[in-house]
Structures are given as structure tokens and as C-alpha cells.
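Chemist:
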Amino acid sequence: MAAPLLLVVLVAVTVRAALYRSSLAAFISERVEVASPLNAWKRVVEGLALLDLGVSPYSGAIFHETPLIIYLFHFLIEYAELVFMITDVLTAVALYLAIQDFNKVVFKKQKFLIELDKYAPDVAELIRTPMEMYYIPLKVALFYLLNPYTVMSCVAKSTCAINNTVIAFFILATIKGSSFLSAVFLALATYQSLYPLTLFAPALLYLLQRQFIPIKLKSKSFWLYTMQYAALYLCSLVVIICLSFFLLNSWDFIPSVYGFILSVPDLTPNIGLFWYFFAEMFEHFSLFFVCVFQINVFFYTIPLAIKLKEHPVFFMFVQIAIISIFKSYPTVGDIALYMAFLPVWSHLYRFLRNVFILSCVLIVCSLLFPVLWHLWIYAGSANSNFYYAITLTFNIGQILLISDYFYAFLRREYYLTHGLHLTRQDGTEAMLVLK
Amino acid sequence: VCTSRFWFNYRHVANTLSVYRSVKRLGIPDSHIVLMLADDMACNPRNPKPATVFSHKNMELNVYGDDVEVDYRSYEVTVENFLRVLTGRIPPSTPRSKRLLSDDRSNILIYMTGHGGNGFLKFQDSEEITNVELADAFEQMWQKRRYNELLFIIDTCQGASMYERFYSPNIMALASSQVGEDSLSHQPDLGIGVHLMDRYTFYVLEFLEEIHPASQTNMNDLFQVCPKSLCVSTPGHRTDLFQRDPQNVLITDFFGSVRKVEITTETISLDRDLAGFESKIPKDELATETLKYAEQLPVAQIIHQKPKQKDWHPPGGFILGLWALIIMVFFKTYGIKHMKHIF
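Chains A and B, in that order, are what the protein sequence lines are. Be aware that the first sequence starts at 1, since it is given in UniProt numbering, and climbs by one per residue. Be aware that the second sequence starts at 1, since it is given in UniProt numbering, and climbs by one per residue.
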């Protein structure tokens, strides 16, 4: 599979290089959907320039990157375009390898469950074969590299690509089973943007599954392993944060990065849900609503962990999707990461109910974003409500996507154990409903 | 310039009109005066004696008279208009009466009154002019050669702060109170119901009533007007930017339009050898010659290149720590025993 992957990588690199040289590069860098205050390239350059002038880059509200990014770009700023292309390629390769391993795990588990006779007799058409799973890793790499969202994010040189790379390496380390590396990369991902903290639960579930430790609350080995993993994760996080202190000899970066992510002071419009609410809110309510909105991101972890404890990788996919919808400054780069996973669940296609509507909503909203922005900001004939409506619709489309996949996944699991032709007590055909 | 509106600021209008009257009496024509009044007191519906503005109780002196020409009235008195008049940057459609048509031989008197504070003067109760803006406007006037000498009088609270920032040559400034002091008004008139004048201007007016076009009173006498016993505030003055000694400066240089006229019965021939005139550069042109235009710009600073800033480097400890961590992680994942095969 190396040759097709190499071909895909070459095509992707060519597309990006061509776009870098064209006039679209400047236009795309300015788009608010692609560059948020957290990861815009302009701000990175500004921060580094401030550092050259002898001022801390965190003074003033321009620069919200972590010190490790400062270190990385201090030496690589002239090769920025190459760096971003390499990060995209690394992400794609990491996802490819991860999904390859994951497919092996899935197939092994399926074989195990068939031998144990856990499946109903008439579900032959739902069983996955290696033949159909052969091209999935390549498709994942393809989806990530050639997704217009990723290309735009790369051309705009938004550091979201670096966040995606770290998360991809974390997924690779988790699926390979190395708890140490997984904890280290998760700590790095949390350090970069706060939200991958919620990926702790799916990673833990996956590693427990891999070690064949059953998830019972009274089991000693469960707690032992959890404590081990949590200790590894927290120690790496503390080490990384302390190391960042030594870069600039100050703790300035903590309020500038994490305080900024959590308290959302910058209300530039983006594709997320925060800006409009906080722009129109009275001051004395803003603390309450900031807490509510931020809890919304972290809140779905526990119910999903309870429901999806047998399927941690799907849980990881849903969690990444929830992060990229509900985070405080989302960009299209975040969306590209979870969309890369869609080929992994392509066997769920027959259970998806809203494919047409979803694809229409997502495509139309993506096209309408620049149109309504132009109408609002430049032509002056629209106002922020128009842009906010499209933001809402886009996010509703994404949520519908996730819930659709969730429904399809659970439905397939149900059919596998209960057979394809469900009958109610009076003999008529039954319909599964997601409550 | 009177910068205050509303009936209870009657005294500011009366101040301004008193100075206007004195100046006109001493010979300056209306074409050489720009009078800015922010409100109309004479025809104000609250004025019990319409068409009059009194400056002394018992209605002794009507400073309004029959012959007042107000150039900027009511809402036209704004900071922008005032600065435009001073600097000459006026739209082409402005009539001549609203322009300050001065050149480098003109002596200008500027009198401002109203409400002020430390470093600012309030216009129309809605905007302010700061002492820095005023100083810059005067500098613009100097660079455009719009005045020979300038006398600036201000009667507001903390008026001395307004002349602290002047930096152009040939400016003399007087103020009715120091920073931190308030200028107080003179007695109220019970018939009209408001205070009629401010103390400082009242005593200045009394002083000016003694002046006639031929008087030799000089600036030092003007500095003595209104001592602390009469005005509760301490008047201040600033003469360090002025080239001549205040002793030698006549009041009529600024307040009046006095020309020296010599009547002669001889005929003077103008055909004399013109070469002789070139060597006679008048020595009292020191004011404009010694301070050359180019020297006022810090040219040396502008063309000299700034030294390149030192680049920032990450501290050595950080790099060491980071790479040590990376190598530790690498070894932990791949195990030391694999390394044995390499070494």
C-alpha cells in the first residue's frame, strides 16, 4: 500500500504548492473560517517579531500560541510553507498507519465474536471482510489530504494543522497500544489546545481493552491501570508546562493561552457558536454563560463512555467531532480531522438516514460562508444575523452528521446481536428508534 | 474667544466683549479682529435688558454697544474652527472676515475665556482643546510665518496650564490663575441675576481703560494687574520664549494699532545706489533669522539608521531540557537493547 499512499501524498503536496504560489493564498489566509485568533499565522509572525524586539509576545492580546510553537517557528520561520506541508503529510501517514492497525483489531474481534456465537444467524451481510477493509486506510489518508478544508487550512498556514498532527500521533500511539507514548502525545495535545483532555477517556478504554482488563468498578487491575495512565499523562503535562516556563522565564503563557481559550474574550466571528452569544450578552451574565458553554464540550464524555465502552475508537471519533463543534474558536481544520475518519465507518452507509440532507447542508453552508461575509462586511446589506444563521446551520449539520453515525453504529450493533429481521410481539416488522 | 454657552456663563461673553471693545478703541479695525462668541447674551430671552451686555454692576458700562461684529457665533465656535483660524487651513469658501490674515510682521493678541482645567479648555460643554494642541497650533503658525510676536491671555480656572507647553519663539502668555487654583468671578448683579465679569478680566479692563494710543505703558505693568489681594487667584505669566525684554514691550504693540508717522517736508529720492542696501540687513530680524526652519526638525535623528535589534534566542536550558526529554521518550519506546545493535 505504500505506492498508492505515496501517489496521494504527491498529489496533495502539488495541490498545496500550487495554491501557495497563486494569489489565492493571501485571500485564504484572511478568511475567518480558516484562521481564528488562536491559530492564525499572522499572529505567530507578530509574536516572533515582538520577541525579536525584546518584548514578551504574550503582552497584549495578539499571540495565543504555546511556547513550544515559538521554539519551533523561531528556527523554521523561513520554511513555513514546507513545515505545514510536512505536518499535513505526517498527519495523513499517522492516520493511515493507525487505521491499518485498527482494521486488524476490528477483524480479530469480529472473528472472536463469531467463534463465540455472539452473533445472530441472519447477519451474514453485516459481517465485514478483509476485502472491503483493504482500501480503508488509503481512503482515510486521501480524505484528510485532499479535503478542501485541509487544503485551505494548510494554505492559510494555520497552526491548527500542528494540533491535528499531534492528535493523529496520539491516535496512532493509542492504537498501537503504547500507553506511555499515548500519554505523552495526549499531554502535548492538551497543552496545545485545552480540549483534547476529553480524549483521555476513549484512549483509556481502548488501552484497557487491549490489555484485556475488564471494566468493572471493583476490579483492582482496572484502577491500577487507570492510575498508571493518569499518572503518566499528568506527569508529562506538568513536565511540558514547566519546560515552557523556561523558554521565556515567565508564566505569562498560561493566562494568554488557556485563559484565552476558556474565557473567550475575542469575539471575532468564526464558524463556532460562541461569538454571537457573547457579543450580545450583558456583562454580568457572561461568566455564567462562559461556564455553560465550556461545560458543554466536556459534558458528553461520561454518557458516551458509558454507552460506547465496547467501541472506544468510535467514541474517539465522536469526541473529536464534539470538540471541533463546541470548542471556543473552531476552524475548518478541526473539522477536516474528524471527517478523515468517515471512511472507517463506511460500512454503516446502509443505516445512515440523512445522507442527502447532510451533504447538502454542509456543502451549501460552506459555500455561503464567504458570500454572507462579503454581504455583511463589505456590501453592508446584511448583518451579523445572516452570518450567524449560516454558522448555526452548519453546526446543526455537523451535529446531525454525528448523531446519524451514532445511530447507524448502534443500530448495526443491535442487529448483529439480535438479527436483521426484527419482529415485534404481534409479528409485524419492528423499527429501531434511538431514544 | 468665548467658549461657553448658556445664560449663567454671561460673564465669559462679557469678558470677551470688554477686551474686544478696548482693542477696537485703541485702533484695531474689525477686519483685523476675529471675535468668537459661543452664545448670544444680548438677545438671550433671559436677558432683562435686551441688546446689552454689561461689564460692571449698576450697569455702568455696556460693552455690547452698536458696533459689534461677531465672526464666529454660537455653534460655529468649535475647537476645529478655532485651530483652522489660527493655522490658516481654512476651506476656500470662507469669507475674509472669518480668516486670520496675518503675516510675519503681525503681532497677534489671543484672548480666551471659558471653563478650563489642568491642561485643557472646554468648548461649548462638549469638547476640549488641550495645551499640547494649542502649542502645536502656535508652532504651525510660527513655521508658516503667521506672526511676528504673539500675546496669549487666558482667563479660566487653572489657566497657567494652558501656556506650559508652548515651545515656539516670540510668545508671551498671561493667565488668570495657576494650576490648582480657580479663577473667580466678580460681583453678581442683582438686576440681571448673574455674575457679570471675571475678576481678572475686570481688573484688566480697568487697566486698559487708562491706556490711550500714545501711552508708553509696558508689559510689566500688565503683569502687575490683579494681585492676589484683589483676585483670589495668582495670575501668572510666561516670557521665556519672548525675544524682547517685557520692559520694552508697549501695551499698544498688541492691544492697539499704533503706527509711527513722521511728517517730513523733504523729498526723498528713491534712485539711490541699491547696492548699498544689501549690506544693511536690519539687526532686529534676529527673531526670524537665528532660528532657521531646517534646524527645528531633528534631521540627524531621522536620517540616522537605527541599530539593528538583537535577535532573541531560546535559552540554552530550555533546548537542553526539551531534547533530553525527547531522547528519553525515544529510548523508552524503542528500548535500550536495540541501541546495542548500533553501537
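Glycine included, each C-beta is placed from N, C-alpha and C at the ideal position.
Taking Cβ to Cβ, would you say E149/B is nearer than 9 angstroms to S233/B?
Modeler: On the second sequence, position 149 is the one that residue 149/B refers to. On the second sequence, position 233 is the one that residue 233/B refers to. Their beta carbons are not under 9 angstroms apart, which means E149/B does not touch S233/B by this criterion.
Chemist: Taking W323/B as the query, report the chain A residues whose CB atoms sit under 8 angstroms from its CB, ordered along the chain.
Modeler: Here residue 323/B is taken as the residue at index 323 of the second sequence, counted from 1. Ordered by position in chain A, no residue passes the 8 angstroms Cβ test against W323/B, which lies about 11 angstroms from the chain.
Chemist: Sorted by chain position, which residues of the same chain lie with C-beta nearer than 6 angstroms to H195/B's C-beta, five sequence neighbours on each side aside?
Modeler: By 1-based counting over the second sequence, the position of residue 195/B is 195. Sequence-distant partners of H195/B (beyond 5 residues in either direction) whose C-beta falls short of 6 angstroms from its own C-beta, in its chain, are R11, S185 and P188.
Chemist: According to DSSP, is L352/A helix, strand or coil?
Modeler: Working through the first sequence from its first residue, we reach residue 352/A at position 352. L352/A falls in the coil class under three-state DSSP.
Chemist: Using beta carbons (cut-off 9 angstroms, strictly below), is I319/B in contact with chain A?
Modeler: On the second sequence, position 319 is the one that residue 319/B refers to. Closer than 9 angstroms to some Cβ of chain A, the Cβ of I319/B qualifies, so yes.
Chemist: Take the Cβ of D88/A as the centre, count every other Cβ of all protein chains shown within 10 Å, and call the residue buried at 16 or more, exposed below.
Modeler: In the first sequence, counting from the first residue as 1, residue 88/A sits at position 88. Under this definition D88/A is a buried residue.
Chemist: Alpha carbon to alpha carbon, what distance is there between M197/B and N47/B?
Modeler: Counting from 1 along the second sequence, the entry for residue 47/B is found at position 47. Counting from 1 along the second sequence, the entry for residue 197/B is found at position 197. Each residue's CA atom was taken as its position, placing N47/B and M197/B some 15 angstroms apart.
Chemist: Would L97/A count as contacting chain B if we go by Cβ distances under 9 angstroms?
Modeler: The residue given as residue 97/A occupies position 97 in the first sequence. Answer no: the Cβ-Cβ gap between L97/A and chain B never drops below 9 angstroms.
Chemist: Mapping the DSSP letters down to three states, classify E69/B as helix, strand or coil.
Modeler: Stepping through the second sequence from its first residue, residue 69/B is reached at position 69. Three-state DSSP puts E69/B in coil, outside helix and strand.
Chemist: Run through the region 345–404 of chain A for me and flag every whole alpha helix (DSSP H) of 4 or more residues, listed as ranges in chain order.
Modeler: 355–373
Chemist: Spatial neighbours of V257/A within its chain, please: CB distance less than 6 angstroms, with the 5 preceding and 5 following residues excluded, ordered by chain position.
Modeler: For the purposes of this step, residue 257/A is taken as the residue at position 257 of the first sequence. Non-local beta-carbon contacts of V257/A in its own chain, meaning distances under 6 angstroms to residues more than five positions away in sequence, involve H64 and T66 in chain order.
Chemist: For chain D, is any of its Cβ atoms less than 9 angstroms away from the one on F246/A?
Modeler: The question asks about chain D, but that chain is absent: this structure's protein chains are A and B.
Chemist: Among I162/A, A124/A and L208/A, which has the Cα closest to the Cα of A189/A?
Modeler: In the first sequence, the residue the question calls residue 189/A occupies position 189. Comparing C-alpha distances from A189/A to each of I162/A, A124/A and L208/A shows the shortest one belongs to I162/A.
Chemist: Is it a yes or a no for the region 234–242 of chain B touching the region 160–167 of chain B, going by three-plus beta-carbon pairs under 8 angstroms?
Modeler: yes
Chemist: Using only the alpha-carbon positions, how far apart do A173/B and L17/B sit?
Modeler: Stepping through the second sequence from its first residue, residue 173/B is reached at position 173. Stepping through the second sequence from its first residue, residue 17/B is reached at position 17. When rounded, the distance between both Cα atoms is 20 angstroms.
Chemist: Count the other CB atoms within 10 Å of the CB of Q319/A; is the residue buried (16 or more) or exposed (fewer)?
Modeler: Locating residue 319/A in the first sequence gives position 319, counting from the first residue. Its Cβ being crowded by 16 or more others within 10 Å, Q319/A is buried.
Chemist: Is there a C-beta anywhere in chain B that falls below 9 angstroms from the one on D252/A?
Modeler: Indexing the first sequence from 1 puts residue 252/A at position 252. Chain B contact via Cβ: absent.
Chemist: Kindly indicate which three-state DSSP category P330/A falls into: helix, strand or coil?
Modeler: Numbered from 1 along the first sequence, position 330 holds the residue referred to as residue 330/A. Correct three-state label for P330/A: coil.
Chemist: Taking only beta-carbon atoms, is H74/A less than 9 angstroms away from chain B?
Modeler: Taking the first sequence and counting its residues from 1, one reaches residue 74/A at position 74. Yes - at least one Cβ of chain B is within 9 angstroms of the one on H74/A.
Chemist: DSSP puts T130/B in a beta bridge; with which residues?
Modeler: Walking along the second sequence from the start, residue 130/B turns up at place 130. DSSP, once it has assigned bridges, lists F120/B as partnering T130/B.
Chemist: Exposed or buried, which one is D125/B when buried takes at least 16 other CB atoms within 10 Å?
Modeler: Residue 125/B sits at position 125 when you count from the first residue of the second sequence. Looking at its Cβ environment, which holds fewer than 16 other Cβ atoms inside 10 Å, D125/B is exposed.
Chemist: By how many angstroms is the C-alpha of D334/A removed from the C-alpha of F293/A?
Modeler: The residue given as residue 293/A occupies position 293 in the first sequence. The residue given as residue 334/A occupies position 334 in the first sequence. Using only the alpha carbons, I get a separation of about 18 angstroms.
Chemist: Pick from V155/A, L400/A and I99/A: whose alpha carbon is nearest that of W41/A?
Modeler: Translated into positions along the first sequence, residue 41/A becomes position 41. For the residues V155/A, L400/A and I99/A, the minimum Cα distance to W41/A belongs to V155/A.
Chemist: How would you call A61/A, buried or exposed, if buried means at least 16 neighbouring beta carbons within 10 angstroms?
Modeler: Translated into positions along the first sequence, residue 61/A becomes position 61. Result: exposed.
Chemist: Can you list the alpha helix (DSSP H) stretches of 4 or more residues lying completely in the region 14–45 of chain B, in chain order?
Modeler: Taking only runs of at least 4 residues, no alpha helix (DSSP H) segment lies wholly in the region 14–45 of chain B.
Chemist: Using 9 angstroms as the threshold, is the C-beta distance between S328/A and L262/A below it?
Modeler: Translated into positions along the first sequence, residue 328/A becomes position 328. Translated into positions along the first sequence, residue 262/A becomes position 262. In contact: S328/A and L262/A (Cβ atoms closer than 9 angstroms).
Chemist: Taking the straight line between their C-alpha atoms, what separation do you get for R5/B and D39/B?
Modeler: In the second sequence, the residue the question calls residue 5/B occupies position 5. In the second sequence, the residue the question calls residue 39/B occupies position 39. Answer to the nearest angstrom: the Cα atoms are 5 angstroms apart.
Chemist: In this structure, how does DSSP classify C226/B when only helix, strand and coil are distinguished?
Modeler: Residue mapping note: residue 226/B aligns to position 226 of the second sequence, counting from 1. The answer is coil: DSSP assigns C226/B none of H, G, I, E or B.
Chemist: Closer than 9 angstroms, CB to CB, is W142/B near chain A or not?
Modeler: Against the second sequence, residue 142/B aligns to sequence position 142. No, its Cβ sits nowhere closer than 9 angstroms to a Cβ of chain A.
Chemist: Should K332/B be flagged as near chain A, meaning a C-beta pair shorter than 9 angstroms?
Modeler: Counting from 1 along the second sequence, the entry for residue 332/B is found at position 332. It does: the Cβ of K332/B has a partner Cβ on chain A nearer than 9 angstroms.
Chemist: Considering only the alpha carbon of each residue, which of M281/A, S219/A and P330/A lies closest to N395/A?
Modeler: The residue you call residue 395/A lines up with position 395 of the first sequence. Of the candidates M281/A, S219/A and P330/A, P330/A places its Cα closest to the Cα of N395/A.
Chemist: Where does the unbroken alpha helix (DSSP H) through E76/B begin, and where does it stop?
Modeler: Numbered from 1 along the second sequence, position 76 holds the residue referred to as residue 76/B. From DSSP, E76/B is part of no alpha helix (DSSP H); its letter is neither H nor E.
Chemist: Have a look at the DSSP bridge pairing and note the partners of G236/B.
Modeler: As a first step, residue 236/B is located in the second sequence; it is residue number 236 there, counting from the start. Answer by DSSP bridge pairing, in chain order: A175/B.
Chemist: So, under 8 angstroms CB-CB, I86/A and I136/A are touching, yes? Tell me the CB distance rounded to an integer number of Å.
Modeler: Here residue 86/A refers to the residue found at position 86 when the first sequence is read from its first residue. Here residue 136/A refers to the residue found at position 136 when the first sequence is read from its first residue. Taking the Cβ atoms as the reference, I86/A lies roughly 24 angstroms from I136/A, outside the contact range of under 8 angstroms.
Chemist: Going by Cα to Cα distance, which pick from G321/B, Y200/B and L134/B is closest to L83/B?
Modeler: Position 83 of the second sequence holds residue 83/B. Closest option to L83/B, Cα to Cα, is L134/B.
Chemist: Quick check on DSSP: helix, strand or coil for D182/B?
Modeler: Position 182 of the second sequence, counted from the start, is the residue given in the question as residue 182/B. Note: D182/B maps to coil in three-state DSSP.
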